[in-house]
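Residue numbers (the numbering used here): 1 to 272. Cβ coordinates follow ideal geometry from the N, Cα and C atoms, glycine included.
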């Protein structure tokens, strides 16, 4: 059976990659391609909505899909844990699925998970992320998710030590973690998580050089998972077992990618 997909933001950089993947999959078909400014009513009749719009538009796209009883796959940045929590009751009430993917790259997902594993062992942790100068939001969705995972992983040992955070140059604090955003030409996407302790620093770096090649496998995986999802699910690792567990973790699964009632990447960071 063919799944009809409406792509909102399908004219943007990520949207075009998603469009190419949908067109290449025999069991998916393009129902509609919308820009971030088009009439959202064009999603009517779709089996799945993929949101690759802008942070300002994304919330309206997600609500429109949920209200119509259509599952939605969200690749747009700007979705913090608090913002996702606001739409969870709508998803549950409709009995639909909303899948939020901060980054479609498997390498990025692994990097964030490794940062969460290491987080309890280092008191000083900061994130530096860089994207092309045309990216309209900061910090990136990946940086936000990584910071939330780091903070959750340190729930038993205390918050990250971040001196002088009252100074603007010290970055934006996300879940207590300083995040520094660079926007410059010649960059696709790069994230560094620097974890420091007495006499040593561990740096976890992920670079995206070719978005189409890096994101396509994750997009294929997410499309199939989002088609049948129920409830709110966060993170590509909800559908891939990375084989990474925090020390002392005892996962309790109550649904796809859900541990102790917390989905996806967040679950990896809170099962301690």
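Under the DSSP assignment, residue 178 falls in the beta strand (DSSP E) whose first and last residues are 177-183. Residue 35 sits exposed, since fewer than 16 C-beta atoms from the chains shown fall within 10 Å of its C-beta. Excluding residues up to 5 positions away in sequence, 2, 3, 4, 5, 22 lie with their Cβ nearer than 8 Å to the Cβ of residue 29 in the same chain. Every beta strand (DSSP E) of 3 residues or more that sits fully in the stretch 14-85 is shown, in chain order, as 28-34, 48-51, 71-74. Taking residue 96 as reference, the option from 117, 47, 82 with the minimal CA-CA separation is 47. With 16 or more other CB atoms across the displayed protein chains lying within 10 angstroms of its CB, residue 76 is buried. Residue 153 and residue 146 have their alpha carbons spaced roughly 10 Å apart. In the three-state scheme derived from DSSP, where H, G and I count as helix and E and B as strand, residue 153 is classed as helix. Remark: C-beta atoms of residue 43 and residue 32 approach each other more closely than 8 Å. Look at residue 7 here: in three-state DSSP terms it is strand. For residue 114, the enclosing alpha helix (DSSP H) has its first and last residue at 106-118. Looking at the backbone, the Cα of residue 68 and that of residue 189 are separated by about 34 Å.
Counted as a single uninterrupted DSSP element, the alpha helix (DSSP H) harbouring residue 219 occupies residues 211-228. Here the alpha carbons of residue 18 and residue 243 stand approximately 27 Å from one another. One Cα belongs to residue 53, the other to residue 63, and the distance between them is close to 13 Å. Ranked by Cα distance from residue 102, the options 245, 241, 237 are led by 237. A distance below 6 Å between beta-carbons, with the five flanking residues on each side excluded, links residue 240 to no residue of its chain. Annotation for residue 172: the continuous beta strand (DSSP E) segment containing it runs 172-174. Straight through space, the alpha carbons of residue 39 and residue 160 are spaced by roughly 44 Å.
With distances taken between CA atoms, residue 155 lies nearest to 122 out of 71, 87, 122, 82. Exclusion of the five residues before and after residue 204 leaves 111, 114, 115, 193 as the residues of its chain whose Cβ lies within less than 6 Å of its Cβ. With fewer than 16 neighbouring CB atoms inside 10 Å of its own CB, residue 20 falls in the exposed class. Non-local C-beta neighbours of residue 174 in its own chain, meaning closer than 6 Å and more than five positions away in sequence, comprise 144, 147, ordered along the chain.
With contacts defined by Cβ atoms closer than 8 Å, residue 72 and residue 98 form a contacting pair. By the Cβ neighbour-count rule, residue 167 is exposed, with fewer than 16 other Cβ atoms within 10 Å of its own.
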